[in-house]
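Visitor:
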Amino acid sequence: MIHGVQSGQIQELSNKLFSEILLEQTKIMGVKPADEDKKHLSEEVINEYASLKGRGFFFNYMSSGRGHGPFTELVDGSVKFDLIGAIGPNLLGHSHPITIKAHLEAATSDVMMCGNLLSHQEPYKLSKVLLNAVKKSRLKHFWFAGSGSFANDSALKMLWQKKAPNYRLIAFQKAFAGRSIATQDITYNAGYREGMPQTIQVDHIPHFDQNDPTNALQKTIDALNELVKERPNQHCAIMMELIQGEAGFVYGTKEYYEGVFKWAKDHGLYVWVDEVQSFGRTHELFAFQHFGLDEYVDVVTVGKALQACGTLYTEELNPKPGLIAGTFNGSIAALNAGEKVVRYLTEGNFYGENGRMKELEGKFISKLNHLGATTCKGKIGYAGGVGTMISFEVGDSSKDATDKFIKKLFENGIICFSAGKDPVRVRFLIPTCLTDEHIDDIFKIIEKTAQEVL
């Protein structure tokens, strides 16, 4: 099906524009300091924006809109490695051909945003390719949402409608589900809901204990048994991030998750997996596929790397008309890119035992461990993660030490962020476009920074 206006001249100009944009963006190919005549710009613009927003920013970062691969340019002319990707969406890096193509194709459309009432081909195609990727599971439907939080809201409403009046939810300690009225209660950190009334009833139990893996499952099962003993027949589901991003990329084993999910099924509870951050980043397209849990999942939420957000669910959880809706599915460009991203990842050599995701994971963890054992001994400690989600601890693993390290990394040419509490960890969401040369340069900066501030 043809979408948008097309002609030979439009196609010719579009191809030329694509090439010109890509050629210009590829000029951003290495870390560099700010230009002398622009040094003031980042701080000035960020300070003014902070006054408009009513709150400051962690980094003095304002993009120029230029960048390529792992590199991003700021308005002051400096160029840095982007190893956080807007906390998840930019999995492929900057100015990827897929992104450029999606923008140009969307420009031929008659509207910018696509809604639920009057649909376009982009959400149809994205839904189809996404559901084709989960055929081994019982997931049959997909509904778009405006954010990861709202995707989780939709999941919760489906579960409530099916299990009414059992409205309590089981979630996990250190979980992060969003900041909407509902998801702020699922999120474990009470600091994110200061001054807020409790709106839903959530019971938090221990997640996989990386310090005691042998007894981790039994600890969780004991907590679950105690919970349903205290509050029998009150819960609708277990909600879990298989890889807890907010906690610093804490994750368990296939045996652990199977044990928890089998317990849930035995007690008549649905299994809800939050993959807003983990989607696309493990050794398979979905983290539940990475751990071989296809048979257990009833509802899965996705976002970030997909370039759109939404909820996958089984026929059993298909809600009654009127329960879920929303004005926007997303922009035409984002939905177009989302379909292309899924095809690119699933048709390329990214997943499986010999895939790029596992290769990147191995390179980063190996190099971090090497630094921790040699030139950065006592400065870099734990290192771990799955796929392109990597975390490590620096100094005494405190917030002060970690923030100081991250700020110095930014100054030296790497953008990343933190995660976790007791311990606090450095968090990388690395792009798939990294080359071995990029990785070598990144670790020179990490080593230099650790020796400077730790």
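In terms of the working numbering, the sequence shown has 334 at position 147, counting the first letter as 1, and numbering is strictly consecutive.
For glycine and all other residues, C-beta sits at the position ideal for the given N, C-alpha and C.
Identify every run of the alpha helix (DSSP H) within the stretch 214-260, keeping only runs that are complete inside it and at least 4 residues long; order them along the chain.
Guide: 228-240
Visitor: Got a sec? Which residues, its chain only, sit under 8 Å from Ala320 by beta carbon, not counting five neighbours each side?
Guide: Within the sequence shown, residue 320 is the residue found at index 133, counting from 1. Correct list, in chain order: Leu472, Phe473, Val529 and Thr533.
Visitor: Sorted by chain position, which residues of the same chain lie with C-beta nearer than 7 Å to Tyr538's C-beta, five sequence neighbours on each side aside?
Guide: Counting from one through the sequence shown, the residue named residue 538 turns up at place 351. Cβ within range, chain order: His470, Glu471, Leu472 and Met544.
Visitor: Here's a check: name, in chain order, each residue in its chain whose Cβ is nearer than 6 Å to the Cβ of Val487, leaving out the five neighbours to either side.
Guide: The residue labelled residue 487 in the question sits at position 300 within the sequence shown. Once the five neighbours on either side are set aside, the close Cβ partners of Val487 are Val460, Glu462 and Leu499.
Visitor: Pop quiz: Phe515 and Gly302 are said to be a contact at Cβ under 8 Å. What is the actual Cβ separation, rounded to whole angstroms?
Guide: As a working note, residue 515 is residue 328 in the sequence shown. As a working note, residue 302 is residue 115 in the sequence shown. Rounded, the Cβ-Cβ distance is 6 Å, consistent with contact.
Visitor: I need the straight-line Cα distance from Lys406 to Pro393, nearest angstrom please.
Guide: For the purposes of this step, residue 406 is taken as the residue at position 219 of the sequence shown. For the purposes of this step, residue 393 is taken as the residue at position 206 of the sequence shown. Taking the straight line from one Cα to the other gives about 7 Å.
Visitor: By the DSSP assignment, the beta strand (DSSP E) with Leu621 in it spans what residues?
Guide: By one-based count along the sequence shown, residue 621 stands at place 434. Careful: Leu621 lies outside any beta strand (DSSP E) and carries neither H nor E.
Visitor: Compute the Euclidean distance between the alpha carbons of Asn277 and Ala451, then round it to the nearest angstrom.
Guide: As a working note, residue 277 is residue 90 in the sequence shown. As a working note, residue 451 is residue 264 in the sequence shown. So the alpha carbons of these two residues sit roughly 34 Å apart.
Visitor: Any idea which residues DSSP pairs Ala300 with across the strands?
Guide: The count along the sequence shown starts at 1 and reaches residue 300 at position 113. Strictly speaking, residue 300 in this sequence is Met, with Ala absent from that position. Met300 is bridged to Ser518.
Visitor: Check this for me: beta carbons of Val691 and Val218, under 8 Å apart or not?
Guide: Outside the displayed range of the chain (188 to 641) lies residue 691, so it cannot be described from this structure.
Visitor: Got a sec? Which residues, its chain only, sit under 7 Å from Met299 by beta carbon, not counting five neighbours each side?
Guide: Taking the sequence shown and counting its residues from 1, the one referred to as residue 299 is at position 112. Contacts found: Ser518 and Ile519.
Visitor: Grab me the residues of Asp340's own chain with a C-beta within less than 7 Å of its C-beta, minus the 5 sequence neighbours each way, in chain order.
Guide: Here the question's residue 340 lines up with position 153 in the sequence shown. Ser367, Ala369 and Thr370.
Visitor: Could you give the distance in angstroms between the alpha-carbon of Lys527 and the alpha-carbon of Ile285?
Guide: Stepping through the sequence shown from its first residue, residue 527 is reached at position 340. Stepping through the sequence shown from its first residue, residue 285 is reached at position 98. About 7 Å.
Visitor: Let's see if you can read the secondary structure: which residues bound the beta strand (DSSP E) around Ala294?
Guide: Position 107 of the sequence shown, counted from the first residue, corresponds to residue 294. Where Ala294 is concerned, there is no enclosing beta strand (DSSP E), given that its DSSP letter is neither H nor E.
Visitor: Measure from the alpha carbon of Gly582 to the alpha carbon of each residue in Asp269, Phe258 and Gln638, then state which is nearest.
Guide: Here residue 582 corresponds to residue number 395 of the sequence shown, with the count starting at 1. Answer by Cα proximity: Gln638.
Visitor: Does DSSP put Ile271 in a helix, in a strand, or in coil?
Guide: Residue mapping note: residue 271 aligns to position 84 of the sequence shown, counting from 1. Reduced to three states, the DSSP call for Ile271 is coil.
Visitor: Name the DSSP beta bridge partners of Asp461, please?
Guide: For the purposes of this step, residue 461 is taken as residue 274 along the sequence shown, with counting starting at 1. Thr488, per the DSSP bridge assignment.
Visitor: Quick check: what's the CA-CA separation for Thr589 versus Ala524?
Guide: Reading the sequence shown from its first residue, position 402 is the one you call residue 589. Reading the sequence shown from its first residue, position 337 is the one you call residue 524. Going by the C-alpha atoms only, they are around 35 Å apart.
Visitor: Is DSSP giving Ala424 helix, strand or coil here?
Guide: Here residue 424 refers to the residue found at position 237 when the sequence shown is read from its first residue. Of the three classes helix, strand and coil, the one that applies to Ala424 here is strand, per DSSP.
Visitor: Do the stretch 348-361 and the stretch 419-428 meet, that is, are 3 or more Cβ pairs less than 8 Å apart?
Guide: yes
Visitor: Compute the Euclidean distance between the alpha carbons of His255 and Lys416, then round it to the nearest angstrom.
Guide: Here residue 255 refers to the residue found at position 68 when the sequence shown is read from its first residue. Here residue 416 refers to the residue found at position 229 when the sequence shown is read from its first residue. Computed Cα separation, rounded: 55 Å.
Visitor: Find out if the Cβ-Cβ distance for the pair Ile617, Leu270 is shorter than 8 Å.
Guide: Within the sequence shown, numbered from 1, the residue matching residue 617 stands at position 430. Within the sequence shown, numbered from 1, the residue matching residue 270 stands at position 83. Yes.
Visitor: In three-state terms, what does DSSP make of Ala512?
Guide: The sequence position of residue 512 within the sequence shown is 325, counting from 1. In the structure shown, Ala512 sits in coil (DSSP, three-state: anything other than H, G, I, E or B).
Visitor: For Tyr375, is the classification buried or exposed, using 16 other Cβ atoms within 10 angstroms of its Cβ as the cut-off for buried?
Guide: Within the sequence shown, numbered from 1, the residue matching residue 375 stands at position 188. The residue in question, Tyr375, is buried, as its Cβ has 16 or more Cβ neighbours within 10 Å.
Visitor: Below 6 Å CB to CB, which residues in the same chain sit around Arg380 once its five sequence neighbours on both sides are set aside?
Guide: Numbered from 1 along the sequence shown, position 193 holds the residue referred to as residue 380. Correct list, in chain order: Gln371.
Visitor: Select from Ser336, Ser314 and Lys344 the residue whose C-alpha is nearest the C-alpha of Pro508.
Guide: In the sequence shown, the residue the question calls residue 508 occupies position 321. Pro508 has its Cα closest to that of Lys344, out of Ser336, Ser314 and Lys344.
Visitor: Tell me the DSSP secondary structure of Met383 in three-state form.
Guide: Here residue 383 corresponds to residue number 196 of the sequence shown, with the count starting at 1. Three-state result, Met383: coil.
Visitor: On a CA-only basis, which of Ile577, Ser584, Gly574 and Met576 is nearest Gly568? Give me that one, please.
Guide: The sequence position of residue 568 within the sequence shown is 381, counting from 1. Closest option to Gly568, Cα to Cα, is Ser584.
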